[in-house]
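J.: Sequential numbering of the sequence shown, starting at 1, is according to the UniProt record's numbering.
No residue lacks a Cβ here, since even glycine has one placed at the ideal position from N, Cα and C.
Have a look at this one before I ask anything.
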Amino acid sequence: MDELTLKGITQYKALVEERQKVDFLNTLLYELQINQSIIFCNSVTRAQLLARKITEFGYSCPEIHAKMLQDHRNKMFPDFRNGAFRILVCAGMLQAL
């Protein structure tokens with residue numbers, strides 16, 4: 001089955017062992033010179049930890065999740081679109097939007 005992709009958006013998938021994911025992501029961000037990316041996590045805790053780790057790698061990387069105040073969430077996507085940061089880590093956003 002073919003996967004749908006929006007025009008102008010490239011999706012990447014890789015099968016990586018759990019303990020190697022963060023280092024692999026750092027390699028991808030460096031090697032691919034990605035302009036902007038949204039990374040989806042399955043929990044708020046994972047999103048917070050991943051955003052902190054990506055920040056330690058030297059990237060501006062906030063997280064956005066359902067436990068944040070609505071006003072703060074509403075500001076994040078326009079800031080992302082306008083280039084205030086290149087990477088956004090999300091968790092639980094289907095319920096939050």
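Classify Ala47 as helix, strand or coil using the three-state DSSP reduction.
T.: Position 47 of the sequence shown holds residue 47. The answer is helix: DSSP assigns Ala47 an H, G or I state.
J.: Which of the three DSSP states is assigned to Ile54 in this structure?
T.: The sequence position of residue 54 within the sequence shown is 54, counting from 1. Helix.
J.: Could you tell me the boundaries of the beta strand (DSSP E) in which Phe85 lies?
T.: For the purposes of this step, residue 85 is taken as the residue at position 85 of the sequence shown. Here Phe85 belongs to no beta strand (DSSP E), and DSSP marks it neither H nor E.
J.: Going by alpha carbons, who is nearest to Arg86 out of Gly58, Arg73, Asp71 and Asn74?
T.: Position 86 of the sequence shown, counting from 1, holds the residue named residue 86. Among Gly58, Arg73, Asp71 and Asn74, the Cα nearest to that of Arg86 belongs to Gly58.
J.: Candidates Ile64, Leu69, Ser37 and Gly8: which alpha carbon is nearest Ala47's?
T.: Taking the first residue of the sequence shown as position 1, residue 47 is located at position 47. Residue Ile64 is the option with its Cα nearest to Ala47.
J.: Spell out the partners DSSP gives Phe40 in its beta bridges.
T.: In the sequence shown, residue 40 corresponds to position 40, counting from 1. Paired residues: Cys90.
J.: CA-CA distance, Ile34 and Asp23?
T.: Taking the sequence shown and counting its residues from 1, one reaches residue 34 at position 34. Taking the sequence shown and counting its residues from 1, one reaches residue 23 at position 23. So the alpha carbons of these two residues sit roughly 16 Å apart.
J.: Closer than 8 Å to a non-hydrogen atom of the ligand MN - does that hold for the CB of Ile38?
T.: Questions concerning the ligand MN fall outside what the structure shown contains, since it holds no ligand whatsoever.
J.: Do the CB positions of Glu84 and Asn42 come within less than 9 Å of each other?
T.: Along the sequence shown, read from residue 1 onward, the residue named residue 84 stands at position 84. Along the sequence shown, read from residue 1 onward, the residue named residue 42 stands at position 42. The sequence given here places Ala at residue 84; Glu does not occur at that position. No, Cβ-Cβ distance for Ala84 and Asn42 is not below 9 Å.
J.: Can you name the residues that DSSP bridges to His65?
T.: One-based indexing of the sequence shown puts residue 65 at position 65. DSSP, once it has assigned bridges, lists Ala91 as partnering His65.
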